[in-house]
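Encoded as structure tokens, the structure appears first; notes follow it.
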Amino acid sequence: MSFTTELKVARDMVSATASQNTTLLSMQNINKAFAGIPALTSASLEVGVAEVHALIGQNGAGKSTLIKILTGYVSRDTGDITFDGGPFQARSPQDAQAKGISTIYQEINLVPYRSITENICLGREARRFGLLDWKTMHQEARSLMARFNIDIDVRKSLDSFNTATQQMVAIARAIGFKAKLVIMDEPTSSLDEREVNVLFDVIRQLKQSGISVIFVSHKLDELYAVCDRVTIMRDGRTVKTSDMKSVSKIELVASMLGRDIAQVSKHATAFGGRKGKVGDVVLEAKNLSAGHKVQDISLSVRRGEIVGLAGLLGAGRTETARLVFGADRIHNGTLTLNDKPFKPREPIDAIDQGIGFSSEDRKLEGIIPDMSVAENMTLALMPQLTKAGIVDEEQQRVIVEKFIARLGIKCSGPSQRIRELSGGNQQKVLLARWLAMNPKLLILDEPTRGIDVGAKAEIQTIVKELADQGLGVLMISSELEEVIEGSDRVFVLREGHKVAEFVGKQINEAAVMTAMAHGAEDNTIGQEIKP
Amino acid sequence: MSNAASPKTIETNTFNLMAFLTKHATLVALLALIAFNVVFTKHFISIQTLNVNLTQVATIVIVGVGMTLVIATGGIDLSVGSMMAISGAIAPLIFLGTAVHISEIHLAVAVGMIVAVLAAGAFGWFNGWLITRFRIQPIIATLVLFIAGRGIAQVSTNGNLQPFKLGEFQWIGLGRWFGVPVQVIIMVVLVAIAAWVLKRSLFGRQILAIGGNERAARLAGIPVARVKRWVYCISGLCSGIAGLVVIAINSSSDANLVGLGMELDAIAAVAVGGTLLSGGRATVTGTLIGALIIQLVRYTLLANGVNDDVAKLVKAALIVLAVWLQRHGRS
Chain V
5 MSFTTELKVA RDMVSATASQ NTTLLSMQNI NKAFAGIPAL TSASLEVGVA
55 EVHALIGQNG AGKSTLIKIL TGYVSRDTGD ITFDGGPFQA RSPQDAQAKG
105 ISTIYQEINL VPYRSITENI CLGREARRFG LLDWKTMHQE ARSLMARFNI
155 DIDVRKSLDS FNTATQQMVA IARAIGFKAK LVIMDEPTSS LDEREVNVLF
205 DVIRQLKQSG ISVIFVSHKL DELYAVCDRV TIMRDGRTVK TSDMKSVSKI
255 ELVASMLGRD IAQVSKHATA FGGRKGKVGD VVLEAKNLSA GHKVQDISLS
305 VRRGEIVGLA GLLGAGRTET ARLVFGADRI HNGTLTLNDK PFKPREPIDA
355 IDQGIGFSSE DRKLEGIIPD MSVAENMTLA LMPQLTKAGI VDEEQQRVIV
405 EKFIARLGIK CSGPSQRIRE LSGGNQQKVL LARWLAMNPK LLILDEPTRG
455 IDVGAKAEIQ TIVKELADQG LGVLMISSEL EEVIEGSDRV FVLREGHKVA
505 EFVGKQINEA AVMTAMAHGA EDNTIGQEIK P
Chain W
23 MSNAASPKTI ETNTFNLMAF LTKHATLVAL LALIAFNVVF TKHFISIQTL
73 NVNLTQVATI VIVGVGMTLV IATGGIDLSV GSMMAISGAI APLIFLGTAV
123 HISEIHLAVA VGMIVAVLAA GAFGWFNGWL ITRFRIQPII ATLVLFIAGR
173 GIAQVSTNGN LQPFKLGEFQ WIGLGRWFGV PVQVIIMVVL VAIAAWVLKR
223 SLFGRQILAI GGNERAARLA GIPVARVKRW VYCISGLCSG IAGLVVIAIN
273 SSSDANLVGL GMELDAIAAV AVGGTLLSGG RATVTGTLIG ALIIQLVRYT
323 LLANGVNDDV AKLVKAALIV LAVWLQRHGR S
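Taken in sequence, the protein lines are chains V and W. Using the working numbering, the letters of the first sequence correspond one by one to residues 5 to 535. Using the working numbering, the letters of the second sequence correspond one by one to residues 23 to 353.
Structure (structure tokens):
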């Protein structure tokens, strides 16, 4: 990998004088660990002058850590960075900005209630005789915005404009700071199609004026529209860098997921050997819609069936699951649970109907860190353990001890605080939270994310056994093996739409990956898959 | 070998002592203060000293009980003082016959007290409604009543001071049962109930779960909005009771003064008591101890001839120390 990168660099260097395509940024052998857990392992990134460079990868691939190191949010452990011809080290985001690297975040970090001028000039205000020189500043703001063919009243407060305009202001601000490199972190996530096109025009303009862009996005089509090269990251490493023109979408997906298209490894998970019979439909969703994240998605889960939801980040998998669980509001479409209409308004409605939901983010939405293993495990069951407002602690203890033994949870006892447990054991407690209420449908969002290999296999075995016993499971996973080997049926989502459905023997990596990358229209497995 | 073992033992011992100190810091501090006073303050060991300190602290603790529950959910209630004023304004309006005339005095007092406390509870519920319905930050939402509440109390009494001398009512602030001031008994009962609710009941678990991780709590089916409304309602009810105690002691109700600055005293007691201000971990008995510490420090300084303004500085230092200990205990 690094060898080919070096070759490419060498080639870029040779052609540099001719095409002016010299290297602006070079990050080499970057290592970073958080609390002993490596986030980046020998990662690298090269961006040329006036190049639009895509940076892609799954959740946890290390993109954000790499960018945070570049912009001075965190410090690297080891590794070399050169920028604009010299060694580079940003002590803080402000420092990075002063040195020519500006970042435009998903959530725009400007001051909403101040004028456009103030936002653009914040931190480098023009002064005359010690007072602010508004005339000069308004003029500068106007001319910067005019570069994007945007003619607006720069005295108006920022929050009176839409997201797209606010983003332009952020970019104008970056240019005002004489940025040589602009990092855009999922800039299109809240833009509509027309606004996306405007943004792309701006990016091309930046390129023309010699400014480089690092473009982070999960929407593969967009990369082809504006990017020159792409760097793919996985598990904290740089997988490869290639010209956008010479790489296919399916190759990008394969690299992100870490699949070698030529050799598909079998039985990488503990899901093998399903025995159960698939029964009647438990849950049926018809034409579910909510915002632009979930559009017209239909799916069903039967008794004893594991249904996989596949898709890239931002495809709408979690959002769909949350609709079924009543965690978010359904705008359109219907749900049927055991042949009865089902309209959950709050998670409690879904829980009352026997649906469990294990969230993808254990820390943020799963555990109550200061509470004990017992209390965390019985959180959803608690009302049933309560008589006249008082929790029956004896009954609670019996249930908790049963599940600690059954799932092999390693803890000092039911009263240990859950924060002290390992990720895998926390996940088992959360799984037990739902198993304890004997659910009819279990929704698992990334059930094995961020836990060690042993715990992963254990959890997969438990899920398999549960399905064998007749539980319906809706499983979201970004690990392809898990979806492929674990599921009886796979729905593939892409940018909020359901693009494919595979059952039984139809489920294979090539088919699922193709659907994830291209969607329904090129669902026939194409020549591109060849290595 | 014994050489190698002995330093290790010492290390474990100091570690345990440190852990014990941080865990029971408030209790240790209270005992230290009492010990100091036993030695240095004259006439400290007397029923009178005990009663003086307990009556001083009772209203703070009564409000602090509700405040502890509110803070346990990760919220805060700035309006407690104003709700005390409202309760303190409404009760005399009824038992003095200004608003409605009830001829039987015991009945008038009973109705007056109940209506006053319920009104404060209703205002508390309104706080919770603002917070859950419109997702307003608690500090802002309760600021509304902090400002408006005293105005409501003023308007309902036409800005008049309501003096009274009425034994049928004033037992709540001046009376004694078995030699113990009535408000101290109320305080102890409320603390006991709240501590028990927090530890044993479903409602208590729900409060702590919401404070510990609200999003996780919601996804586990906990009715977050309902629990929060009740918690703010309880804070209102506690404030209402405290308001009655204060006007009974003063023999008059002055909407300008009842409960003035109470929100800060209650929050200070909760903080010093060891309840986590970000929610999720709470101790009602801690709040009682916290209030006693603050009171006793002030008493100690005054009894030993230190100026009251200096005592305020010491109170502030105590709060800083408590917050520091919390952080220390976490890491």
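Ideal Cβ positions, reconstructed from N, Cα and C, are used throughout, including at glycine. None of the values given here were measured: they were computed from a predicted structure.
Using DSSP's beta-bridge definition, name the partner residues of R493(V). V311(V) and V507(V)
For D205(V), name the three-state secondary structure that DSSP assigns. helix
Sequence-distant residues of the same chain with beta carbon closer than 6 Å to P373(V), five excluded per side: R423
Cα-Cα separation, E513(V) to I488(V): 7 Å
To test your reading of the DSSP string, which unbroken alpha helix (DSSP H) runs of 4 or more residues are found completely within the region 48 to 128 of chain W? 69 to 94 and 102 to 117
Does DSSP put R453(V) in a helix, in a strand, or in coil? coil
Simplified DSSP assignment, three categories, for W346(W): helix
Figure out for me which residue from K72(V), Q420(V) and P451(V) has the closest Cα to the Cα of Q464(V). P451(V)
Top-ranked residue by Cα proximity to V559(V), from V402(V), G358(V), R437(V) and N166(V): Only positions 5 to 535 of chain V appear in this structure, which leaves residue 559(V) out of reach.
What first and last residue would you give for the beta strand (DSSP E) that runs through R233(V)? R233 to R238
So who's on the other strand from I60(V), going by DSSP bridges? I236(V)
With a threshold of 8 Å between beta carbons, is I352(V) in contact with chain W? yes
Report the residue from L44(V), H501(V) and I179(V) whose alpha carbon sits nearest the alpha carbon of R241(V). L44(V)
Using the rule of at least 16 other Cβ atoms within 10 Å of the residue's Cβ for burial, across every protein chain shown, is T434(V) buried or exposed? Here residue 434(V) is Leu; the residue named in the question, Thr, does not match the sequence. So L434(V) ends up on the buried side.
Taking the CB atoms as reference points, tell me whether K223(V) and E499(V) lie closer together than 8 Å. yes
Quick check on the burial criterion: 16 or more other C-beta atoms within 10 angstroms. Buried or exposed for Q267(V)? Residue placement at Q267(V) cannot be trusted, given a pLDDT of 44 that sits under 50; what the coordinates show is reported in the next sentence. Looking at its Cβ environment, which holds fewer than 16 other Cβ atoms inside 10 Å, Q267(V) is exposed.
G370(V): contacting residues in chain W (beta-carbon distance under 7 Å): A238
Look up H46(W) in the DSSP assignment and say whether it is helix, strand or coil. coil
Starting from S257(W), follow the alpha helix (DSSP H) in both directions and report where the run begins and ends. V246 to N272
What does S223(W) touch in chain V if you count any residue whose Cβ is under 7 Å from its own? G393, I394 and V395
Mark A217(W) as exposed unless 16 or more other C-beta atoms lie within 10 angstroms of its C-beta, in which case mark it buried. buried
Chain W contact for S363(V) (CB, 8 Å cutoff): yes
Quick one: what's got a C-beta closer than 8 Å to F168(W)'s C-beta in the same chain, skipping five residues either side? L100, S101, G103, S104 and E285
Looking at chain V, is there any beta carbon in it that lies within less than 8 Å of the beta carbon of G308(W)? no
Close Cβ partners of P6(W) (< 6 Å) along its chain, the five nearest in sequence each way excluded: The displayed coordinates of chain W run from 23 to 353. Any statement about residue 6(W) would go beyond what the structure contains.
Tell me which same chain residues have a C-beta within less than 6 Å of the C-beta of T63(W), skipping the five on either side of it? A325
Could you tell me which of I82(W), L55(W), F66(W) and R320(W) sits nearest to I354(W), measuring between CA atoms? Given a span of 23 to 353 for chain W in the structure shown, any question on residue 354(W) remains unanswerable.
Could you have a look at V516(V) and say whether DSSP puts it in helix, strand or coil? helix
Closest by CA to K297(V), which one among E309(V), T324(V), L210(V) and E122(V)? T324(V)
For I229(W), which residues from the same chain have a beta carbon less than 8 Å from its beta carbon, with the 5 sequence-adjacent residues on both sides left out? L91, A94, T95, L220, V249, V253 and A304
Considering only residues of the region 72 to 113 of chain V, which uninterrupted alpha helix (DSSP H) runs meet the minimum length of 4 residues and lie entirely inside it, listed in chain order? 97 to 102
I'd like the span of the alpha helix (DSSP H) that includes H221(V), first residue to last. In the sequence on display, residue 221(V) carries Ser and not His. Where S221(V) is concerned, there is no enclosing alpha helix (DSSP H), given that its DSSP letter is neither H nor E.
Return helix, strand or coil for Q171(V), following the three-state DSSP convention. helix
When you compare the CB of R157(W) with every CB in chain V, is at least one pair closer than 8 Å? no
Out of M135(W), K187(W), G281(W) and V268(W), which has the shortest C-alpha to C-alpha gap to V206(W)? V268(W)
Could you tell me whether the region 117 to 135 of chain W touches the region 283 to 303 of chain W, where touching means 3 or more Cβ pairs closer than 8 Å? no
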